[in-house]
Amino acid sequence: MPKVNDVILNRIDKSKVADPIKYFLKEMLSMQLQSISEGTGRWKFGKEFENLLYETAAKMRKPKK
Amino acid sequence: MKIEFIKFKNYRQYREEQIDFTGVNDVTVIEGAMDSGKSSILNAITWCLYGEEIQLDKEKEGYPIINMITLRKMKPGDSARVEVEIRMKDNEGNQHIFIRYLDVRKESGEKGYYIIKNPDSKYTDGSMFTYLKTEKGRGEISLTPPEYFLEQIMPSNIKEYFFFDGDQLNLYFERSSGEKIKNAVFDISQITLLADVIDRLQDKKRELLKSIKDGGSAYEDVKGLLSSYEKTSKELKLSNKELLHKKQVFGKAEREVTQALLKCGYTDIESLEKESERLRIEIKALGEELVNLEKDKFDELIKSALPIICYDRILKTRNLIENADIPPPFKRDFIERLLKDRFCVCGTNLKKDKSAENELRKVLDKTSEVTNMQSDFIETKGELRGIIDELNTFIQNQTDYSKNIKKKSKEFDDKSKRVDEIKIKIGGIDKVKIQNLKNKQTEHLKEIEKLSTEIGEHTIKIAEAETKIKQYEGELEKVTKEKEKYKTISELVELLTHSIEEAERIRDGIIEEVRSKITNETKEQFFKIHWKKESYKDVNITDNYEISLLDPKGWETIGTISKGTRQVLAFSFLAALNSVSGFKAPIVIDTPLGRISGEPKLNIVKYLCKFLPGRQIIILMTDQEYTSEIRKELLSRLNHEYKIKIDQTSYGNEAKVIKYEK
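Residue numbers (my numbering), protein chains in the order written: chain Z, 19 to 83; chain H, 173 to 834.
This is the structure:
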């Protein structure tokens, strides 16, 4: 599997945004990288992305413990 | 990751060949004369991996890829396979085998052959690419698509940093290369990936905002404005993309012209003409100096002509005076006066003493007239000494003049000879071709400049439109939030806004970090290796990845540095890029010393010995480059040494890679 650069991942981990956004960004990068590596170019919004977006929004909605 | 071997089958000069790279050390040298097949090894690697021969001369582009001996031996209708196989081993001991092949059929027409394009091929030349992986305990497995797996080992967009022609390394710092380097750096550090994600998120955010249909007049107004700016931005971006593409096309054409100029000996003609011009000025000055020296010499000769003619007499006179009894015991005048007065100084009356008178007369006879001129002699003696001294100075001056004239004449002759040599050399260079290429280069550069201006103007307009879009998006978000029915969309838009902002922050931080890391590593490498550290103060890489090298006074030197320094700077920069990329792919360098002469050559080799330790490096050198001195320097890191041997057959020449023997 293609791998997102550690430099980017570390910066996301250290950022001050909420954890669901961190997860969301990492997943987005993986999806984009995979589609580039497979030679399909820019990835199109599919079900996988829609699910990720709505799941993240739901996580953000939950009150923080 | 190391290449273990490369197998050739009917590929260009190599009919059936295999090069073994296995071993403990990491540097392999392959020596070969010009046009023996060195660059074909580099091309075979890039053709096998990327379907592209990156080092193909323009004039060789028309040559068939199939080996000429094989082609000549084939009968019309026969077909043969061209194949290159590269086997690599990773640090875990897994083997990766990449194979590319294409089939060629012999035909009886003018061209004589036909490439059978495989219908499944993704490549313009119709070749097929396969990848096999051998994992410990799992055996050999074929994995598809091979490009996907290759990208993880040696990404195609940064192949120029692993496989390169040392002779053209300096082109990395030529015009329009900054943008190319910047793109490559952004790719290798995945900044492009991050930028793509930001783009995608923005697209999604806009899509969501557009999905809101019912919103009241304020909402519709904002939405209308937003749409109009989005349209403008989209159009501008599209047009900018076209302009950038055009600029890339012109940039590529310009680089090709620059390379063609280099091959024609443009740099040589330029420096030779400069040298010739300088020599002509020096010769003119020397000519004038020689005329003046001859004139001065002659003037002095004329000035001293009389004493020179009389020199013998002067010497004789001086000797006479010096040998004469001066001052004499008495003058003749004095004796004559005593005889006339008839009284001697001793008081003797000569009238009475005849014998005394006779004695005095005898003395008179013995005393020369000359004794009367003693004071004149003393004065003349002084004058003669002055004349002789002057003549001695004259002789010394004439000797100095002669020596100087001889020296200057030699200088004059040497320089005139060099001007003649240059004239012959320049005469052998195709000036018309160079002028045409230069005109073409100027045209391309003008076009690039024009396009850059247009792109700049568009970029400003895009930024303005984007600011407006952001502003109206904010307003739209606000309006949307107020509507309960759009609550979910509003949440999603908010999530996307936060994600975009964070991704932009990370992207900007990495851009700066990567640039600064590359700058520092380039600087460190350069100053560690360069032999004249004191001549330079700093290495800088701008935001646009233009490299600059400053002298101790802070002046830019990049346009005037020697070929050797340029090469070291390029190697340092490549080492930094390789280090930042994190990919441990093997490095193949063709003719690393091509443009370097004299002492810096050895310095470059010393540098290559320390270049990227632990990394497999394959160096392709000409027989002139691989001298015993250079071999000695590389010995500690050498894994294999090979030599390309050309076998001449009645069907044509065939290249063989044999063990090196000095």
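Every residue gets a Cβ at the ideal spot worked out from N, C-alpha and C, and that includes glycine. Being a predicted model, the structure only gives us computed values, none of them experimental.
query = Given a limit of 7 Å on CB to CB distance, which residues of the stretch 354-366 of chain H reach chain Z?
reply = Ser-361, Gln-362, Leu-365 and Leu-366
query = Along the chain, which unbroken stretches of the beta strand (DSSP E) at least 3 residues long are found entirely within the stretch 653-731 of chain H?
reply = At a cut-off of 3 residues, the continuous stretches assigned as beta strand (DSSP E) that sit fully inside the stretch 653-731 of chain H are 710-713 and 719-722.
query = Would a check of beta-carbon distances place Leu-51(Z) closer than 8 Å to chain H?
reply = yes
query = So, are the CB atoms of Val-357(H) and Ile-690(H) less than 8 Å apart?
reply = yes
ask   = Should Asp-592(H) be labelled buried (16 or more other beta-carbon atoms within 10 Å of its own) or exposed?
value = Burial is judged here by how many other beta carbons sit within 10 angstroms of a residue's own beta carbon; Asp-592(H) has fewer than 16 and is exposed.
query = Which residues in chain H sit within 8 Å of Leu-70(Z), going by Cβ to Cβ distance?
reply = Near Leu-70(Z) there are no residues of chain H at all, since even the closest Cβ is about 11 Å away, more than 8 Å.
Inter-stretch contact at 8 Å, needing at least 3 Cβ pairs: the stretch 706-719 of chain H / the stretch 399-407 of chain H = no
key: N- and C-terminal bounds of the alpha helix (DSSP H) containing Lys-210(H)   = 210-222
request  = Select from Leu-668(H), Met-260(H) and Met-793(H) the residue whose C-alpha is nearest the C-alpha of Thr-763(H).
outcome  = Comparing alpha carbon positions, the residue from Leu-668(H), Met-260(H) and Met-793(H) closest to Thr-763(H) is Met-793(H).
inquiry  = Please report the straight-line C-alpha distance between Ser-212(H) and Gln-185(H), rounded to a whole angstrom.
reply    = 8 Å
ask   = So who's on the other strand from Ser-411(H), going by DSSP bridges?
value = According to DSSP, Ser-411(H) bridges with nothing at all.
message = Residues of chain Z with CB closer than 8 Å to the CB of Val-591(H), please, in chain order.
response = By Cβ distance, chain Z contributes nothing, its closest Cβ being about 58 Å from Val-591(H), past 8 Å.
message = Is there a C-beta anywhere in chain Z that falls below 8 Å from the one on Asp-275(H)?
response = By this cut-off, Asp-275(H) is not an interface position.
inquiry  = Does chain Z have any CB closer than 8 Å to the CB of Ala-432(H)?
reply    = no
ask   = What residue from Gly-195(H), Ile-269(H) and Tyr-286(H) has the CA that sits closest to Tyr-235(H)'s CA?
value = The closest CA to that of Tyr-235(H), considering only Gly-195(H), Ile-269(H) and Tyr-286(H), is found on Tyr-286(H).
ask   = Near Ser-293(H), what residues of its chain come up, given a Cβ to Cβ distance below 7 Å and the 5 sequence neighbours on each side ignored?
value = Ser-299 and Met-300
query = Is the Cβ-Cβ distance between Val-22(Z) and Ser-53(Z) less than 8 Å?
reply = no
query = What does DSSP give as the partner residues of Tyr-285(H) in its beta bridges?
reply = Lys-278(H)
query = In chain order, what residues of the same chain have a beta carbon less than 8 Å from the beta carbon of Lys-83(Z), not counting five sequence neighbours either side?
reply = With a pLDDT of only 48 at Lys-83(Z), under 50, the local geometry of the prediction cannot be trusted, and the value read off the model is given with reservation. Nothing listed; no residue qualifies.
ask   = Are there three or more Cβ pairs, one per stretch, closer than 8 Å when the stretch 479-499 of chain H is compared with the stretch 578-592 of chain H?
value = no
task = Express the C-alpha separation of Ile-26(Z) and Ser-361(H) in angstroms, rounding to a whole number.
result = 9 Å
Chain-order list of residues whose beta-carbon lies under 7 Å from that of Glu-638(H) (same chain, five-residue window excluded) = Ser-405
ask   = So who's on the other strand from Ile-363(H), going by DSSP bridges?
value = BP columns for Ile-363(H) are empty, so no partner.
task = Could you tell me whether the stretch 454-474 of chain H touches the stretch 547-561 of chain H, using the rule of 3 or more Cβ pairs below 8 Å?
result = no
query = Cα separation between Val-35(Z) and Ile-678(H)?
reply = 12 Å
ask   = Given that a residue counts as buried once 16 or more other Cβ atoms are within 10 Å of its Cβ, and exposed if not, what is Glu-833(H)?
value = It is exposed - the Cβ of Glu-833(H) has fewer than 16 other Cβ atoms within 10 Å.
ask   = From which residue to which residue does the alpha helix (DSSP H) around Leu-746(H) run?
value = 735-753
Burial state of His-702(H) (16 or more Cβ within 10 Å) = Buried: at least 16 other Cβ atoms inside 10 Å.
key: Test: Gly-681(H) CB closer than 8 Å to a CB of chain Z   = It does: the Cβ of Gly-681(H) has a partner Cβ on chain Z nearer than 8 Å.
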